[in-house]
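Asks: Chains as they are written, first to last, in my numbering: chain X, 12 to 315; chain R, 441 to 664.
Structure provided below as structure tokens; questions to follow.
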Amino acid sequence: MTIWFREHLFALKSAYTHLRAGTGNFLFNVLVVAIALALPIAGLTLIENIKPISSQLSIEPEISIFVSPDTARDSATALSVQIKRLLKENAINGKLAFIPKEKALAAMQDSSSLAEVLSTLGGNPLPDAYILSLSNNDTEKLDSLVEKLKALQDVDVVQVDSAWVKRLAALVQILQMGLLFLAITLGVVVIVVVFNATRLQVISHQAEISVTRLLGATNSFIHRPYYYTGALLGLLAGALALGAIAASLQPLNQAIADFAKLYASEFRLTPLGIVPSLALLAFSMLLGLCGAYLSVRRQLARAS
Amino acid sequence: MIEFDNVSKLYAGDACALRNISLTIPDGELIFLAGPSGAGKSTLLKMIAGIEKPTTGRVMVNGQDVSKLQTSSLPYLRRKLGLILQDQKLLNDRSILSNVMLPLIVTGAAAQEAESRARVALEKVGLLDKANALPLTLSGGEQQRVAIARAIVNRPKIILADEPTAFLDRENANKVLSALKAFQSAGVTCLISSHDEQFLDQASRVIYLSKGQITDSWNSSIAA
Chain X
12 MTIWFREHLF ALKSAYTHLR AGTGNFLFNV LVVAIALALP IAGLTLIENI KPISSQLSIE
72 PEISIFVSPD TARDSATALS VQIKRLLKEN AINGKLAFIP KEKALAAMQD SSSLAEVLST
132 LGGNPLPDAY ILSLSNNDTE KLDSLVEKLK ALQDVDVVQV DSAWVKRLAA LVQILQMGLL
192 FLAITLGVVV IVVVFNATRL QVISHQAEIS VTRLLGATNS FIHRPYYYTG ALLGLLAGAL
252 ALGAIAASLQ PLNQAIADFA KLYASEFRLT PLGIVPSLAL LAFSMLLGLC GAYLSVRRQL
312 ARAS
Chain R
441 MIEFDNVSKL YAGDACALRN ISLTIPDGEL IFLAGPSGAG KSTLLKMIAG IEKPTTGRVM
501 VNGQDVSKLQ TSSLPYLRRK LGLILQDQKL LNDRSILSNV MLPLIVTGAA AQEAESRARV
561 ALEKVGLLDK ANALPLTLSG GEQQRVAIAR AIVNRPKIIL ADEPTAFLDR ENANKVLSAL
621 KAFQSAGVTC LISSHDEQFL DQASRVIYLS KGQITDSWNS SIAA
């Protein structure tokens, strides 16, 4: 155990000595690898921020039925009978909730971004509405029901709320697939960059390697410093990429906040959490180690 | 003991470095491998260290067939040898002390112990006062003595020296040979290849090679 520890300590010192001799090259390679890693990390950050929104929203069909603004309260409440009859005729199960205009206004006034806007309007511009939550996801029945609801007297607008949520969920899935392919491609790029950097290092250290071989060094002893260099390259590049993405969120959130306000939202992008960040660092270190491993084995097998 | 059993070495294009070499070297001898350039002296030494493998025949070192050793086992053989190579092969980016410590570091020795033994080895070759100097700041003779210190620091039973006095003046060459003779007196087997025949009478035995074959072999007056 002690010899093992000493050998690894020596390998670390050797790696450090090699890095000091070629700091510029090493930092350049870190930058290149960081750029390659930044793209999938940015994509992952985006997806991790969108996923909670998508998962929180129900993808069970919900239909919003807005009553004409000039309809009297009695007529508005009487609509519920007609709506329930339509549900029964179409064999659709669902929960119907009446949202009076006062309740809708109060809910909007609770949202800090809209309260000021509403106070300037004067009066209540909102209509009475019904929210119909369905347990049936049959698209054909849903479309038929929507058409019949639109035809009811005093109904102004019928909106299928879940459609955009489904679209969002599908979009997130596409993004995830795309991100996976991007990550694989750029992962290969990282391995190739580290492979080449290690190859050049080994070539420049040929004299030292041949001497140490003649003095009784095992392959592990010779390979180990290069593995450490490769792993360190991957780790630093991963850290740089994570830091760059986190730093770029600040100015991006300024622009996003202005856009989100238009949709009555307070959405903002947050950096990846500690656990995913550590996992990414470990993965980038592994990529670096992999590139170094492949390069060293190939170069030194040729030399021997 | 080192044994060559009908060893031949052929390279591509039928170039023959060694042809049907059979020889036994008992422990504790100082052997000179003499002969003109290209006679096969270096090839013979390299075969003992496993750097070259014979095309036919066997090379036995202390009962172990070196020619059949796996690549992964070669480092353990080389740790028992002291190699002094023709172009010194010191590492110029570190001090001579670090160079001499290297054979111990690769075996996993503690840094303190390695440094202590390296200093002892440098003292034996008279270079302890230059322990922190870089190899390029030393003369050719001094660099060769550092190479000797590096070869003996792990207390080998066999020292292989390939043209250790090449490029050295008479005075430095004598110093190098004196150092090697001192180790031989302590029971170390020394094989020295040299085309410089003025030192032949300092060996216990001389083996003369020409065109890959042993053409002559004699015990020197010292051995007698």
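Backbone N, C-alpha and C fix where the C-beta goes; we use that ideal spot for every residue, glycine too.
Using a Cβ-Cβ cut-off of 8 Å, state whether R518 (chain R) counts as contacting chain X.
Replies: Yes, R518 (chain R) lies at the interface with chain X (some Cβ there is under 8 Å from its Cβ).
Asks: So V222 (chain X) and K529 (chain R) are supposed to be a Cβ contact under 8 Å. How far apart are they, rounded?
Replies: Indeed, because the Cβ distance is near 5 Å, the residues count as touching under 8 Å.
Asks: By Cβ distance below 7 Å, which residues in the same chain neighbour S75 (chain X) in space, the five residues on each side in sequence not counted?
Replies: So the qualifying residues of the chain are A140, I142, Q170, D172.
Asks: Per DSSP, what kind of secondary structure is R31 (chain X) in: helix, strand or coil?
Replies: Three-state result, R31 (chain X): helix.
Asks: Which partner residues does R498 (chain R) have in the DSSP bridge list?
Replies: R498 (chain R) is bridged to R:D445.
Asks: R590 (chain R) lies in the alpha helix (DSSP H); which residues open and close that run?
Replies: That run of the alpha helix (DSSP H) goes 580 to 592.
Asks: Any residues in the stretch 14 to 30 of chain X with a beta carbon nearer than 7 Å to a beta carbon of chain R? Which ones, in chain order?
Replies: Within the stretch 14 to 30 of chain X, the residues whose Cβ lies closer than 7 Å to some Cβ of chain R are I14, R17, E18, F21, listed in chain order.
Asks: For Q653 (chain R), report the span of its beta strand (DSSP E) as first-last.
Replies: Segment 653 to 659, the beta strand (DSSP E) holding Q653 (chain R).
Asks: Whose C-beta lies closer than 6 Å to the C-beta of G652 (chain R) among residues of the same chain, with five residues either side of it excluded?
Replies: Once the five neighbours on either side are set aside, the close Cβ partners of G652 (chain R) are C456, A457, L458, R459, G480.
Asks: Report yes or no: do the stretch 616 to 632 of chain R and the stretch 502 to 512 of chain R share at least 3 C-beta pairs separated by less than 8 Å?
Replies: No: fewer than three Cβ pairs fall under 8 Å.
Asks: Which residues, in order along the stretch 527 to 555 of chain R, keep a beta-carbon less than 7 Å from a beta-carbon of chain X?
Replies: Cβ contacts with chain X come from K529, L531, L542, P543, I545, V546, T547, G548, A550.
Asks: Indicate the three-state DSSP secondary structure (helix, strand or coil) for D505 (chain R) in the structure shown.
Replies: DSSP places D505 (chain R) in strand when its eight states are reduced to three.
Asks: With a threshold of 8 Å between beta carbons, is P515 (chain R) in contact with chain X?
Replies: It does: the Cβ of P515 (chain R) has a partner Cβ on chain X nearer than 8 Å.
Asks: How close, in whole Å, do the beta carbons of G566 (chain R) and F607 (chain R) come, if the pair is a contact with beta carbons under 8 Å?
Replies: That belief does not hold up - the Cβ atoms of G566 (chain R) and F607 (chain R) are roughly 19 Å apart, past 8 Å.
Asks: Is it a yes or a no for the stretch 42 to 55 of chain X touching the stretch 264 to 274 of chain X, going by three-plus beta-carbon pairs under 8 Å?
Replies: In short, these stretches do not touch, since the Cβ pair count stays below three.
Asks: Is the Cβ of V213 (chain X) closer than 8 Å to any Cβ of chain R?
Replies: No, because no Cβ of chain R sits closer than 8 Å to the Cβ of V213 (chain X).
Asks: By the DSSP assignment, the alpha helix (DSSP H) with G490 (chain R) in it spans what residues?
Replies: Careful: G490 (chain R) lies outside any alpha helix (DSSP H) and carries neither H nor E.
Asks: Could you tell me the distance, in whole angstroms, from the CA atom of G302 (chain X) to the CA atom of L289 (chain X)?
Replies: Spanning the two alpha carbons is a distance of roughly 20 Å.
Asks: Between which two residues does the beta strand (DSSP E) carrying F472 (chain R) extend?
Replies: Here the beta strand (DSSP E) through F472 (chain R) covers 470 to 474.
Asks: In three-state DSSP terms, what is G78 (chain X)?
Replies: One point to set straight first is that residue 78 (chain X) is Val, not Gly, in the sequence displayed. In this structure, V78 (chain X) counts as strand in the three-state DSSP scheme.
Asks: Among all the DSSP beta bridges, which residues are the ones paired with K106 (chain X)?
Replies: DSSP lists X:S144 as partners of K106 (chain X).
Asks: Rounded to whole angstroms, what is the Cα-Cα separation between F206 (chain X) and V506 (chain R)?
Replies: Between F206 (chain X) and V506 (chain R), the C-alpha separation is close to 34 Å.
Asks: Taking the continuous beta strand (DSSP E) assigned at D641 (chain R), which residues delimit it?
Replies: That residue, D641 (chain R), is in no beta strand (DSSP E); it is neither H nor E in DSSP.
Asks: Considering only DSSP beta bridges, list what T464 (chain R) is partnered with.
Replies: DSSP, once it has assigned bridges, lists R:E443 as partnering T464 (chain R).
Asks: By DSSP, does F21 (chain X) sit in helix, in strand, or in coil?
Replies: If DSSP states are grouped into helix, strand and coil, F21 (chain X) belongs with the helices.
Asks: Can you tell me which of the three DSSP states R308 (chain X) falls into?
Replies: Here R308 (chain X) sits in helix by DSSP.
Asks: Listed in chain order, which residues of the stretch 202 to 231 of chain X have Cβ atoms closer than 9 Å to some Cβ of chain R?
Replies: Cβ contacts with chain R: A218, E219, S221, V222, T223, R224, L225, L226, G227, A228, T229, N230.
Asks: Where does I14 (chain X) land, buried or exposed, given buried means 16+ other C-beta within 10 angstroms?
Replies: It is exposed - the Cβ of I14 (chain X) has fewer than 16 other Cβ atoms within 10 Å.
Asks: Distance cutoff 8 Å, beta carbons only. Does L523 (chain R) sit that close to anything in chain X?
Replies: Chain X contact via Cβ: present.
Asks: Excluding sequence positions up to five away, which residues of its chain have a Cβ less than 6 Å from the Cβ of L30 (chain X)?
Replies: Within the same chain, L30 (chain X) has close Cβ partners F37.
Asks: For V44 (chain X) and L517 (chain R), what's the separation of their Cα atoms in angstroms?
Replies: So the alpha carbons of these two residues sit roughly 41 Å apart.
Asks: Less than 8 Å between the C-beta atoms of L562 (chain R) and L568 (chain R), yes or no?
Replies: Contact: yes.
Asks: Mind checking P80 (chain X): buried by the 16 CB within 10 Å criterion, or exposed?
Replies: Its Cβ having fewer than 16 others within 10 Å, P80 (chain X) is exposed.
Asks: Which residues in the same chain have their Cβ closer than 8 Å to the Cβ of G468 (chain R), if we skip the five residues on either side of it in sequence?
Replies: Excluding residues within five positions, the ones whose Cβ falls inside 8 Å are Q624, G627, V628, T629.
Asks: Select from X:K112, X:D269, X:Y238 the residue whose C-alpha is nearest the C-alpha of E277 (chain X).
Replies: Of X:K112, X:D269, X:Y238, the residue nearest in Cα terms is X:D269.
Asks: Could you tell me whether the Cβ atoms of V616 (chain R) and R557 (chain R) are closer together than 8 Å?
Replies: Not a contact, by the Cβ cut-off of 8 Å.
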